[in-house]
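Going by this note's numbering, the first residue of the sequence shown is number 67, and it counts up by one from there. Ideal placement from N, C-alpha and C gives every residue a C-beta, glycine not left out. Structure first, commentary second.
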Amino acid sequence: MLDKAIEMIIAQQAKAPDRSPIRLMGEQLKDICRTTPGAAELVAKDLEVPEMSLEHLKKKFDDFASAHKSGNQSCIFPDEADKLIREFYGLPMPGAVPSPVNQAPAGKVISLLDMM
Numbered sequence: 067m068l069d070k071a072i073e074m075i076i077a078q079q080a081k082a083p084d085r086s087p088i089r090l091m092g093e094q095l096k097d098i099c100r101t102t103p104g105a106a107e108l109v110a111k112d113l114e115v116p117e118m119s120l121e122h123l124k125k126k127f128d129d130f131a132s133a134h135k136s137g138n139q140s141c142i143f144p145d146e147a148d149k150l151i152r153e154f155y156g157l158p159m160p161g162a163v164p165s166p167v168n169q170a171p172a173g174k175v176i177s178l179l180d181m182m
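This is the structure in C-alpha cells:
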C-alpha cells in the first residue's frame, strides 16, 4: 500500500511546478506515509477523492499562513506543516496512543465463597 500511496502523491506533484508548495507538501506527506503505521492506506484512499488532493491541502496551508501573517510575510514551521497534513488526512499525531478498539466491558467478579 505504501507504493500505491507514493505513486499517487508523485502523480499529483507532477502537475505542479518544481519547488512549488504542492511539491513540498507532497514530500512531507510521503515521509509521513513511510514513518506512520497505517498512514499510507488512509492517504491512498483519500487521494482518490478530489476534495482530498494536494491542491486542496494547499488551500489549508494558505488559510493557515494568512491567519498567521506578520506584515506581508508568512511562514509555516515544519511541526505546524506536519500537524496540518495529519489533520487534513486524519492521520495520528506522532506519539499518539491509539484508543482501544472494541474493548469488552468489565464483567462482574465472582468469588468462590459466593458459591458455598
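- Residue environment: C141 is assigned as exposed (fewer than 16 neighbouring CB atoms within 10 Å of its CB, all protein chains considered).
- Put simply, the region 96-106 does not touch the region 122-141. Fewer than three CB pairs are less than 8 angstroms apart.
- Counting along the chain, the unbroken alpha helix (DSSP H) around V109 starts and ends at A105 to L113.
- Note that the C-beta distance between L157 and F130 is not below 7 angstroms.
- Membership of C99 in the alpha helix (DSSP H) is indicated by the continuous run P87 to T101.
- Between L90 and I75, the gap from beta carbon to beta carbon reaches 7 angstroms or more.
- Taken through DSSP and simplified to helix, strand or coil, S119 comes out as coil.
- DSSP, reduced to helix, strand and coil, places S136 within a strand of the structure shown.
- Rounded to whole angstroms, the gap between the alpha carbons of A110 and P144 is 23 angstroms.
- In this structure, M67 and E107 form a Cβ contact; the two beta carbons are roughly 5 angstroms apart against a cut-off of 8 angstroms.
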